[in-house]
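Engineer: All you need for our numbering is the position in the sequence shown, starting with 1, plus 6.
Backbone N, C-alpha and C define an ideal beta-carbon position, used for all residues, glycine too.
Let me begin by handing over the structure; questions about it come next.
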Amino acid sequence: MQSNASYTSTNRWRRIPLWQKILAGLVLGVLAGALLGEDASVFKPIGDIFINAIKMLIVPLVFSTLVVGITAMRDPQKMGRIGARTIALYLVTTAFAIAIGLLASWVFQPGVGLEMSFESGVEAKQAPSLVEILVGLVPQNPIDALASGNILQIIVFAIGLGISLTLIGDKGEPVVRVFESFAEAMVKLTNLVMALAPFGVFGLIAHVAGSYGLEVLLPLAKVIGVAYLASVLHVLLVYSGLLALLGRLNPVRYLQGILDALVVAYSSASSSGTLPVSLRCAKDNLGVSEGVAGFVLPVGATINMDGTAIYQGVVAVFIAQLLGVDLSLMDYGMIIVTGTLASIGTAGVPGAGLVMLSIVMAQIGLPLEAIAVIAGIDRILDMARTSVNVAGDLMVTTLVGKSEGELDEAIYNAPGKS
Ligand code: ASP
């Protein structure tokens, strides 16, 4: 039997909201990293276990949620509308993001007066063509898509399956019920895995904080500061503004509702990895329906990267300043267009944005080797851009949900979340 004292402390632990526990994990992780330095990496396996556990959920959760969502919607026209709105909002917010990044670097000039040397050895990536992207959307083998975790192909197959199940009516019922029960189990499993989040976040952050000494961070403190500032401004101005203006929704409730996902995104630097947590936030905290969240979020985790776009803008201008290169108005326009495309092609995994930066750099004729200057601190920037990537997906999900009458405002406006 459990003793009374341990029963009371378990109960007390349960009553603390999850986001507070995760935030405590983050703060303690920073402290542990600062105190122990490189030795803090002993905690990394705890973080890795947590990340593996949420990654384990991505494919089954996305697939089953989307099939259930599509069969519940029963209206192909509505689905088309949701798709069009989603893509339009994702593109518009990304263009804003990159413009804010450019503006921040232009105003604060993080690269002026800095002397840094770099070595060569970076090769430019090619942006995929539109035709390649479209052809790649359709899986030859859905099992292969599921096994390799190709989210866009999984979405295409899930939509096809969902529509077919609806079209065959009663005959589809048994399969729909299997998917409903499976999706429910996956949601439950997400909740169980999330109980590990405070410990996982602690392990991940302790490792990161322990491996970056001040001598690496200080020379680049200004560009880090500018990237973080632009990220915060984008969330507070653009996201809050769009929610208030287009959705007539209180942005504070949105920010409260996405905290879990933000902290997991920040510590894992992977928006695809954060997907199960984002889905949970969208449904449980923001009140978005399963159908909308199950479609808009996975698409966002693969193509919507506002944080990465901000970063491309800030870093491209930073490097131009560092090298004393004057950028023309045409160059700025080029950065907006290629940066938006490059961010769409960025995978939601750690470090992907750094590789895609080469596209923007090549486009405006900056030497790719200069990327090495920020490669050493990329993780610190990656954590911020991933958080914005995830925040953007959740904002668009909320707006699309609202516009389609698929947002439960009682849940959205409820005070204490998760
Ligand atoms: N790590 C980012 C993400 O997962 C992508 C990037 O590197 O910009 O969203």
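(1) Is ASP304 near ligand 1, in the sense that its beta carbon is under 7 Å from a heavy atom of that ligand?
(2) Roughly how many angstroms separate the alpha carbons of LEU202 and LEU24, rounded to a whole number?
(3) Return yes when the C-beta of PRO148 is under 7 Å from any heavy atom of ligand 1, and no when it is not.
(4) Among the residues of its own chain, which have a CB less than 7 Å from the CB of ALA101, if the five just before and after it don't count?
(5) Excluding the 5 residues preceding and the 5 following LYS61 in the sequence, name in chain order all residues of the same chain whose CB lies nearer than 6 Å to its CB.
(6) Can you check DSSP and say which residues form a bridge with VAL294?
(7) Cα separation between ALA189 and VAL98?
(8) Please report the straight-line C-alpha distance between ILE104 and ALA315, rounded to a whole angstrom.
(9) Alpha carbon to alpha carbon, what distance is there between LEU226 and LEU413?
(10) Just to confirm, is the Cβ distance from LEU41 to ALA164 under 8 Å?
(11) Roughly how many angstroms separate the alpha carbons of GLY142 and SER15, rounded to a whole number?
(12) Which residue wins for smallest C-alpha separation from ALA322, given the options TYR260, GLN115, LEU248?
(13) To the nearest angstrom, report how far apart ALA94 and GLU44 are at their CA atoms.
(14) With a cut-off of 8 Å, do at least 3 Cβ pairs link the stretch 304-313 to the stretch 324-334?
(15) Between ASN310 and ligand 1, is the CB less than 7 Å from at least one heavy atom?
(16) Buried or exposed: which applies to SER154, given that a residue is buried once 16 or more other Cβ atoms fall within 10 Å of its Cβ?
(17) Could you tell me whether any non-hydrogen atom of ligand 3 is closer than 7 Å to the CB of ASN395?
(18) Considering only the beta carbon of each residue, do ALA236 and ILE370 sit closer than 8 Å?
(19) In this structure, how does DSSP classify LEU34 when only helix, strand and coil are distinguished?
(20) Verify whether the separation of the beta carbon atoms of SER47 and SER276 is less than 8 Å.
(21) Does the Cβ-Cβ distance between ILE386 and ILE230 come in under 8 Å?
(22) Quick one: does the C-beta of ARG385 sit closer than 7 Å to a heavy atom of ligand 1?
(23) Nearest to GLY427 by alpha carbon, out of PHE324, MET79, TYR338?
(24) By the three-class DSSP mapping on this structure, what secondary structure does VAL144 have?
(25) Quick test of your reading: GLY168 and ILE76, contact by CB under 8 Å. State the CB separation rounded to the nearest angstrom.
(26) Going by DSSP in three states, THR352 sits in which element: helix, strand or coil?
(27) Rounded to a whole number of angstroms, what is the C-alpha to C-alpha distance between GLY359 and VAL74?
(28) Tell me the DSSP secondary structure of ALA307 in three-state form.
(29) How would you label THR404, buried or exposed, when you count the other beta carbons within 10 angstroms and need 16 or more for buried?
(30) Less than 7 Å between C-beta atoms, sequence neighbours within five positions excluded: which residues of the same chain meet that for SER126?
(31) Is DSSP giving ASN256 helix, strand or coil here?
(32) Give the DSSP-derived three-state secondary structure of SER126 in the structure shown.
(33) Restricting to Cα atoms, I'd like to know which of ALA381, GLY300, VAL193, VAL270 is closest to ALA78.
Structural biologist: Let's see:
(1) Correcting the residue identity first, residue 304 is Pro in this sequence and not Asp. No, the Cβ of PRO304 stays beyond 7 Å of every heavy atom of ligand 1.
(2) 10 Å
(3) no
(4) ILE342, THR346
(5) GLY279
(6) LEU413
(7) 32 Å
(8) 5 Å
(9) 42 Å
(10) no
(11) 52 Å
(12) GLN115
(13) 44 Å
(14) no
(15) no
(16) exposed
(17) Of the ligands this structure carries, namely ligand 1, none is ligand 3.
(18) no
(19) helix
(20) no
(21) yes
(22) no
(23) Given a span of 7 to 424 for the chain in the structure shown, any question on residue 427 remains unanswerable.
(24) coil
(25) 3 Å
(26) coil
(27) 32 Å
(28) helix
(29) buried
(30) A caution first: SER126 carries a pLDDT of 48, below 50, which makes its placement in the model unreliable, though a value can still be read off. So the qualifying residues of the chain are GLU375.
(31) coil
(32) Below a pLDDT of 50, predicted positions are generally treated as unreliable, and SER126, at 48, falls in that range; the measurement from the model is reported next regardless. Note: SER126 maps to coil in three-state DSSP.
(33) GLY300
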